Amino acid sequence: MSYLNSVTIVGFVGADPEQRQAGNNGSKFTVLSVATQRSWKNTEDEWVSKVEWHRVVIFRPRLAGAVLNNIKKGAHVLVEGSLVSSTYEQANGKGKKAKTAKITSWSIRADVVRKLDRGEQEPQAPATEQAPESDDAPL
Numbered sequence: 012m013s014y015l016n017s018v019t020i021v022g023f024v025g026a027d028p029e030q031r032q033a034g035n036n037g038s039k040f041t042v043l044s045v046a047t048q049r050s051w052k053n054t055e056d057e058w059v060s061k062v063e064w065h066r067v068v069i070f071r072p073r074l075a076g077a078v079l080n081n082i083k084k085g086a087h088v089l090v091e092g093s094l095v096s097s098t099y100e101q102a103n104g105k106g107k108k109a110k111t112a113k114i115t116s117w118s119i120r121a122d123v124v125r126k127l128d129r130g131e132q133e134p135q136a137p138a139t140e141q142a143p144e145s146d147d148a149p150l
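If you want it as structure tokens, here you go:
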């Protein structure tokens with residue numbers, strides 16, 4: 012029997028991507044934070060929504076560089092990849108008899124990150140020099 016670990020999310024980037032370096036082998040990777048939202052009607056027939064934040068990690072060098080250079084905060088993106096868990100222990104108290112708690116965090120190891128075009132025009136930079144006005148300038 013085969014198993015499938017595949018995740019696809021569509022959401023908005025919460026912060027500019029960050030490039031980081033792995034401590035064990037020094038390889039570089041990019042981290043992206045993506046928000047998704049779901050909405051439903053509650054028992055009082057009112058719309059309720061919840062935002063979920065997803066940590067996306069990109070190890071493929073070309074994809075990591077492209078995301079770092081082309082994706083910015085607020086971008087609408089599609090991410091495809093696999094779900095990866097990380098478990099670590101954190102001290103839960105002070106002193107010699109401090110208990111530790113195991114904490115598991117989930118991230119998405121991205122294979123595809125695609126910027127979605129919402130049909131909006133990119134903001135244009137203001138002109139540094141204005142051309143002199145003439146009678147035949149288009150309106």
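The numbering used here puts the first residue of the sequence shown at 12, with every later residue one more than the last. Glycine included, every Cβ here is placed at the ideal spot set by N, Cα and C. All of these numbers come straight from a predicted model, not from anything done at the bench.
Starting from glycine 167, trace the alpha helix (DSSP H) both ways and give me its first and last residue.
Because the chain in this structure spans residues 12 to 150, residue 167 falls outside the shown range and cannot be described.
Roughly how far, in whole angstroms, is the beta-carbon of valine 42 from the beta-carbon of alanine 121, given that I think they are within contact range, below 8 angstroms?
By 1-based counting over the sequence shown, the position of residue 42 is 31. By 1-based counting over the sequence shown, the position of residue 121 is 110. Rounded, the Cβ-Cβ distance is 10 angstroms, inconsistent with contact.
Measuring only the C-alpha atoms, how far is tryptophan 64 from glycine 76?
Reading the sequence shown from its first residue, position 53 is the one you call residue 64. Reading the sequence shown from its first residue, position 65 is the one you call residue 76. Rounded to the nearest angstrom, the two C-alpha atoms are 22 angstroms apart.
If you draw a straight line from the C-alpha of tyrosine 14 to the C-alpha of serine 93, how long is it?
Here residue 14 is taken as the residue at index 3 of the sequence shown, counted from 1. Here residue 93 is taken as the residue at index 82 of the sequence shown, counted from 1. Going from the Cα of tyrosine 14 to the Cα of serine 93 covers about 12 angstroms.
Measuring CA to CA, which of Asp128, Ser38, Leu127 and Leu74 is closest to proline 28?
In the sequence shown, counting from the first residue as 1, residue 28 sits at position 17. Out of Asp128, Ser38, Leu127 and Leu74, Leu74 has the C-alpha closest to the C-alpha of proline 28.
Which of the three DSSP states is assigned to leucine 94 in this structure?
Position 83 of the sequence shown holds residue 94. In this structure, leucine 94 counts as strand in the three-state DSSP scheme.
Which residue comes first and which comes last in the beta strand (DSSP E) that contains alanine 86?
Position 75 of the sequence shown holds residue 86. Per DSSP, alanine 86 belongs to no beta strand (DSSP E) and is neither H nor E.
In the DSSP assignment, find the beta strand (DSSP E) that holds glycine 22 and state where it starts and stops.
Here the question's residue 22 lines up with position 11 in the sequence shown. Per DSSP, glycine 22 belongs to the beta strand (DSSP E) from 18-24.
Can you give the beta carbon distance from valine 88 to arginine 125, rounded, assuming they're within the 8 angstroms contact cut?
In the sequence shown, residue 88 corresponds to position 77, counting from 1. In the sequence shown, residue 125 corresponds to position 114, counting from 1. The pair is a contact, with the Cβ atoms about 7 angstroms apart (cut-off 8 angstroms).
Would you report the Cα separation of lysine 39 and glutamate 55, rounded to the nearest angstrom?
Within the sequence shown, numbered from 1, the residue matching residue 39 stands at position 28. Within the sequence shown, numbered from 1, the residue matching residue 55 stands at position 44. Looking at the two C-alpha atoms, the distance is approximately 49 angstroms.
Could you spell out where the beta strand (DSSP E) holding aspartate 122 opens and where it closes?
Position 111 of the sequence shown, counted from the first residue, corresponds to residue 122. Per DSSP, aspartate 122 belongs to the beta strand (DSSP E) from 110-126.
Ordered along the chain, which non-local residues of its own chain (more than five positions away) have a Cβ less than 6 angstroms from that of glutamine 32?
Mapped onto the sequence shown, residue 32 falls at position 21. Excluding residues within five positions, the ones whose Cβ falls inside 6 angstroms are Lys39.
Might you give, ordered along the chain, the residues of its own chain that have their beta carbon closer than 8 angstroms to the beta carbon of threonine 19, omitting 5 neighbours on each side?
Within the sequence shown, the letter at position 8 stands for residue 19. Correct list, in chain order: Leu89, Val90 and Glu91.
I'd like the list of long-range same chain contacts for lysine 52, defined as Cβ closer than 7 angstroms, with 5 residues on each side in sequence excluded.
To locate residue 52, count along the sequence shown from 1; it is residue 41. Excluding sequence neighbours, lysine 52 sits near Trp58.
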